[in-house]
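Asker:
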Amino acid sequence: MKFPANFIPPLRRSGGALKSVPLPFRWHRSPVTPPGDRRALETPSLERYVSGVYQSLAVFRLVTFAMGTGLVFLLNPSDQQPIFLGMVIILVGSYNVYSILWRFNPARPRTVAHPISLGVDVLLSYTLILLTGGLDSPFLIYSLSSILTASLLMNLGFAVAMAGILAVAVSGVHVLPGLGISNLPWILSRNYLVLALLYSAVCLLIVNLPFLANLNWQRRVRSESMAWERQRLRRDVHDNVAQTLAFLSLKMKLAEQRVSRGKTPITQRDVSEIGSVVERAYLAVRDYLDGTDVESDEPLGVRLAAVAEQWSRDTGLPVRISTTGEEGDLEPQVKFQLLQVTREALANVAKHANPTNVWVEMECSKEDIKIRVRDDGRGFAISGLRGHGIGIMNERTAMAGATLDINSTPGEGTEVVVAYSRRVEQEVS
Numbered sequence: 159m160k161f162p163a164n165f166i167p168p169l170r171r172s173g174g175a176l177k178s179v180p181l182p183f184r185w186h187r188s189p190v191t192p193p194g195d196r197r198a199l200e201t202p203s204l205e206r207y208v209s210g211v212y213q214s215l216a217v218f219r220l221v222t223f224a225m226g227t228g229l230v231f232l233l234n235p236s237d238q239q240p241i242f243l244g245m246v247i248i249l250v251g252s253y254n255v256y257s258i259l260w261r262f263n264p265a266r267p268r269t270v271a272h273p274i275s276l277g278v279d280v281l282l283s284y285t286l287i288l289l290t291g292g293l294d295s296p297f298l299i300y301s302l303s304s305i306l307t308a309s310l311l312m313n314l315g316f317a318v319a320m321a322g323i324l325a326v327a328v329s330g331v332h333v334l335p336g337l338g339i340s341n342l343p344w345i346l347s348r349n350y351l352v353l354a355l356l357y358s359a360v361c362l363l364i365v366n367l368p369f370l371a372n373l374n375w376q377r378r379v380r381s382e383s384m385a386w387e388r389q390r391l392r393r394d395v396h397d398n399v400a401q402t403l404a405f406l407s408l409k410m411k412l413a414e415q416r417v418s419r420g421k422t423p424i425t426q427r428d429v430s431e432i433g434s435v436v437e438r439a440y441l442a443v444r445d446y447l448d449g450t451d452v453e454s455d456e457p458l459g460v461r462l463a464a465v466a467e468q469w470s471r472d473t474g475l476p477v478r479i480s481t482t483g484e485e486g487d488l489e490p491q492v493k494f495q496l497l498q499v500t501r502e503a504l505a506n507v508a509k510h511a512n513p514t515n516v517w518v519e520m521e522c523s524k525e526d527i528k529i530r531v532r533d534d535g536r537g538f539a540i541s542g543l544r545g546h547g548i549g550i551m552n553e554r555t556a557m558a559g560a561t562l563d564i565n566s567t568p569g570e571g572t573e574v575v576v577a578y579s580r581r582v583e584q585e586v587s
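Following our numbering, the numbering of the sequence shown begins with 159 at its first residue and continues without gaps.
Here you go:
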């Protein structure tokens, strides 16, 4: 059963195996945020916001242009320069169709609005309005698209200038011819004055939209940041403090067993091991706060072997380590997350499996990297799989862009497989 590609995959059961799927992106380190959360704060919020703005504007342009074109040719045909009008409509229509296809194609790069392109857009909109009746034009709503674009994606001064120019130009079409007449009752006919004032007011009102949009976006980012921070603290407290406490709990159980057998509960070796584990936990927390836990340049295979050997010394359980193939260059964040998943898998073996043998294997190929943690312990029923550790393993696997498979049968041991596809890295790059 595969977990959906969201931030916190829910646990489900199917066929005796649990699986997670990678997120459609990977996270990159930022110097101004804790390790791994640049994409957590930017991609789900800022990038989605900007992409959504572009897509919404493209839809708005196409819909309002189609409505205006239909009204011009079906309900209110114009006999003024029909050939030139048709050429302008074809030109603007082609641009709008192209814009829709571009903005909704995920393979296309995200370009930004340019002042020159917006200026040309305003000129074309004004031309359409002139050719189709001025304030009677069905393209009045379409002309607002360029102001919307400027107000949402450009600076305030530029947006105000565009809104003012367009409002004055459209209103001037009706005002200028009557400047030489002392009495201007014609301007009140057919509500031209009302339309001119209303159009100008709407243009200037649209300029203020980004303030409202930014307020809503900031609230959303703040909410997502707080949720992400809670999840980050939960993961890191579990990886550092909870695993240390679990090891100390294991030592206490061993001490109780020794007491029941009439032996010394705590030996000098136990004291040394406990001190070593506590010191490592302290160093891990310090490295995390300094941001150096993710930046190690050591190969993943070397770090994986070190983790497995240290786990064997701490628990007294034998572990067989094997690495095949070349891992190549991996981003520090990917190595960090895969290593943390392996640590948690080994911690679960020590707490629950009671095994005789444990295997940690890393297989590297041109297509993917697989890490297997196997044991011949007591195993378990997938239906009974619960706890924070499994959820955190799935979170970290998804953050690395990998998948997680857990297979276990009562009495036959457990196998945890983390698979990282190199295609994910190629697609991101």
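C-beta atoms are modelled at their ideal positions from N, C-alpha and C, and glycine is treated no differently.
Inspect the beta-carbon positions of V230 and L249 and report whether they are closer than 9 Å.
Answerer: Cβ atoms of V230 and L249: not closer than 9 Å.
Asker: Under 8 Å: do the region 530-541 and the region 508-518 share three or more Cβ pairs, one atom per stretch?
Answerer: Enough Cβ pairs lie closer than 8 Å, so yes.
Asker: Find the nearest neighbour of E589 within the set E431, L488, D472, S430, judged by alpha-carbon distance.
Answerer: Limits of the chain in this structure are 159 at one end and 587 at the other, which puts residue 589 out of reach.
Asker: Over the uninterrupted beta strand (DSSP E) stretch that includes D279, give me the two end residues.
Answerer: First-last for D279: 273-289, but that is the alpha helix (DSSP H), not the beta strand (DSSP E).
Asker: My output table needs one value for F295: the three-state DSSP class, helix, strand or coil.
Answerer: Checking the displayed sequence, the identity of residue 295 turns out to be Ser instead of Phe. Residue state, collapsed to three classes: coil.
Asker: Nearest to L306 by alpha carbon, out of E573, L289, Q213?
Answerer: Of E573, L289, Q213, the residue nearest in Cα terms is Q213.
Asker: According to the neighbour-count rule (16 or more other Cβ atoms, all chains shown, within 10 Å of its Cβ), is R184 buried or exposed?
Answerer: Because R184 carries a pLDDT of 34, less than 50, the predicted location of this residue cannot be relied on, and the following value inherits that uncertainty. Counting Cβ neighbours within 10 Å, R184 comes out buried, since at least 16 surround it.
Asker: To the nearest whole angstrom, what separates the beta carbons of G483 and E521, a pair I think is in contact under 8 Å?
Answerer: About 6 Å separates the two Cβ atoms, so the contact holds.
Asker: At which residues does the beta strand (DSSP E) containing R478 begin and terminate?
Answerer: From DSSP, the beta strand (DSSP E) with R478 extends over 477-482.
Asker: Going by the CB atoms, is the gap between V477 and V516 shorter than 9 Å?
Answerer: Taking 9 Å as the Cβ cut-off, V516 and V477 qualify as a contacting pair.
Asker: Can you check whether the CB of V507 is closer than 9 Å to the CB of T555?
Answerer: In this structure, V507 does not lie closer than 9 Å to T555 by Cβ.
Asker: Which of helix, strand or coil does DSSP assign to T514?
Answerer: T514: coil per DSSP, three-state reduction.
Asker: Could you check if A224 is buried or exposed, using at least 16 other CB atoms within 10 Å of its CB as the buried criterion?
Answerer: Exposed, because fewer than 16 other Cβ atoms sit within 10 Å of the Cβ of A224.
Asker: Taking just the CA atoms, how far does I432 sit from F165?
Answerer: Summary for F165: the model assigns pLDDT 34, below 50, so the residue's position carries little reliability; its value from the coordinates is reported in the next sentence. Looking at the two C-alpha atoms, the distance is approximately 35 Å.
Asker: Can you look up M520 in the DSSP assignment and give me helix, strand or coil?
Answerer: In the structure shown, M520 sits in a strand (DSSP, three-state: E or B).
Asker: Where E485 and R501 are concerned, what is the direct C-alpha to C-alpha distance, given to the nearest angstrom?
Answerer: Computed Cα separation, rounded: 19 Å.
Asker: From the DSSP output, read off the bridge partner residues of T561.
Answerer: Its beta-bridge partners are A577.
Asker: Would you kindly work out how many angstroms separate the C-alpha atoms of A216 and G549, rounded to a whole number?
Answerer: Between A216 and G549, the C-alpha separation is close to 39 Å.
Asker: Find out if the Cβ-Cβ distance for the pair R580, D526 is shorter than 9 Å.
Answerer: Yes, the Cβ-Cβ distance between R580 and D526 is below 9 Å.
Asker: Assign P296 to one of two classes, buried (16 or more other C-beta atoms within 10 Å of its C-beta) or exposed (fewer than that).
Answerer: Result: buried.
Asker: Assuming the contact rule is C-beta atoms closer than 8 Å, V360 and L302 should be a hit. Round their C-beta distance to whole Å, please.
Answerer: Indeed, because the Cβ distance is near 7 Å, the residues count as touching under 8 Å.
Asker: Measuring alpha carbon to alpha carbon, tell me which residue in I424, M245, F316 is nearest A413.
Answerer: A413 has its Cα closest to that of I424, out of I424, M245, F316.
Asker: With a cut-off of 8 Å on the beta carbons, I'd call L497 and Y578 a contact; round off their distance for me.
Answerer: Wrong, their Cβ atoms sit about 12 Å apart, outside the cutoff.
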